[in-house]
Amino acid sequence: MNDDAATLTAGPLLLRPWRRGDIPALLAAYDDPSMRRWLRTQVPDAGAAERWMTVQEEGWANGSRYSFAVTDTARDGEIVGNLALNRLPGAPSAQAGYWTTASARGRGVATGALGALTDWAFARFAEDGLRRLDLLHGTGNEASCRVAEKSGFALAESVPARSPRMPLGGHRHSRTAPLSAAEGRRAGCAGTSGGPARRR
Numbered sequence: 018m019n020d021d022a023a024t025l026t027a028g029p030l031l032l033r034p035w036r037r038g039d040i041p042a043l044l045a046a047y048d049d050p051s052m053r054r055w056l057r058t059q060v061p062d063a064g065a066a067e068r069w070m071t072v073q074e075e076g077w078a079n080g081s082r083y084s085f086a087v088t089d090t091a092r093d094g095e096i097v098g099n100l101a102l103n104r105l106p107g108a109p110s111a112q113a114g115y116w117t118t119a120s121a122r123g124r125g126v127a128t129g130a131l132g133a134l135t136d137w138a139f140a141r142f143a144e145d146g147l148r149r150l151d152l153l154h155g156t157g158n159e160a161s162c163r164v165a166e167k168s169g170f171a172l173a174e175s176v177p178a179r180s181p182r183m184p185l186g187g188h189r190h191s192r193t194a195p196l197s198a199a200e201g202r203r204a205g206c207a208g209t210s211g212g213p214a215r216r217r
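Numbers in this note's numbering are just positions in the sequence shown, counted from 1, shifted up by 17.
Here's what the structure looks like:
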């Protein structure tokens, strides 16, 4: 894990890799009916929490999953959520996921943290070919839908029900990488802004 990529900020939010000392906060977060309703992975006890932490650590080590504890520096570093990026090295797309604790909902935590993760992902993996981030949520999860839209993730498609991952179906939202300066010049010359093609 690169030390310079291990922490992200968004206002008072600090995103950092999870630590074993965070297990009590993790268990408290999962002791919530909304988490049980919308998340496929459940963490009901200390053993499951230890296994969950191992998955996060292995993801950082092998470059397939980058999971951040979202902490609120204005509240003494309280853990208020989780952000994760799942991606195979060299893949053109990756999947972002998140959850927030019950006490953090409605405060813009998910939107701010997702924005920081998105910016980091596109900057960190641009040279490795990352061009699109996807975000999946279950049908009926209106709060996640709003977070995606506020964060610039446009609705890309409705996903049919697929048990056990998405028993009720859902939505896929996507956001593409910003154009580089050279790509922006080429796009402008091609008339993609709605006007006629012209040389600049």
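Just so it is clear, CB atoms sit at the ideal spot from N, CA and C, and this is done for glycine as well.
- Query: Which word fits residue 20, buried or exposed, when buried means at least 16 other C-beta atoms lie within 10 angstroms of its C-beta?
  - Reply: On the sequence shown, residue 20 is found 3 positions in, with the first residue counted as 1. Residue confidence for residue 20 is low, a pLDDT of 39 falling below 50, so the modelled location carries little weight; the figure read from the coordinates is stated next. Classification of residue 20: exposed, given that the 10 Å Cβ count is below 16.
- Determine, using beta carbons only, whether residue 23 and residue 87 come nearer to each other than 8 Å. Residue 23 sits at position 6 when you count from the first residue of the sequence shown. Residue 87 sits at position 70 when you count from the first residue of the sequence shown. No.
- Task: On a CA-only basis, which of 114, 103, 109 is nearest residue 76? Give me that one, please.
- Result: Residue 76 sits at position 59 when you count from the first residue of the sequence shown. By alpha-carbon distance to residue 76, the top candidate from 114, 103, 109 is 103.
- Query: Taking the alpha-carbon positions, what's the residue 37 to residue 67 distance?
  - Reply: For the purposes of this step, residue 37 is identified with residue 20 of the sequence shown, where counting begins at 1. For the purposes of this step, residue 67 is identified with residue 50 of the sequence shown, where counting begins at 1. Here the C-alpha atom of residue 37 lies approximately 8 Å from the C-alpha atom of residue 67.
- Message: Taking 8 Å as the threshold (C-beta atoms), are residue 26 and residue 133 in contact?
- Response: Counted from its first residue, the sequence shown places residue 133 at position 116. Counted from its first residue, the sequence shown places residue 26 at position 9. Yes, the pair counts as a contact, with Cβ atoms nearer than the cut-off.
- Item | Straight-line gap, residue 34 to residue 177 (C-alpha atoms, nearest Å) | Taking the first residue of the sequence shown as position 1, residue 34 is located at position 17. Taking the first residue of the sequence shown as position 1, residue 177 is located at position 160. So the alpha carbons of these two residues sit roughly 33 Å apart.
- Message: Measuring straight from C-alpha to C-alpha, what distance separates residue 70 and residue 63?
- Response: One-based indexing of the sequence shown puts residue 70 at position 53. One-based indexing of the sequence shown puts residue 63 at position 46. Residue 70 and residue 63 have their alpha carbons spaced roughly 10 Å apart.
- Could you pull the start and end residues of the alpha helix (DSSP H) that residue 73 belongs to? Within the sequence shown, the letter at position 56 stands for residue 73. For residue 73, the enclosing alpha helix (DSSP H) begins and ends at 63-79.
- Query: What span of residues does the alpha helix (DSSP H) with residue 98 cover, start to end?
  - Reply: Taking the sequence shown and counting its residues from 1, the one referred to as residue 98 is at position 81. From DSSP, residue 98 is part of no alpha helix (DSSP H) but of the beta strand (DSSP E) over 95-103.
- Item | Identified DSSP bridge partners for residue 85 | Looking up residue 85 in the sequence shown gives position 68. The partner list for residue 85 (beta bridge, DSSP) reads 34, 100.
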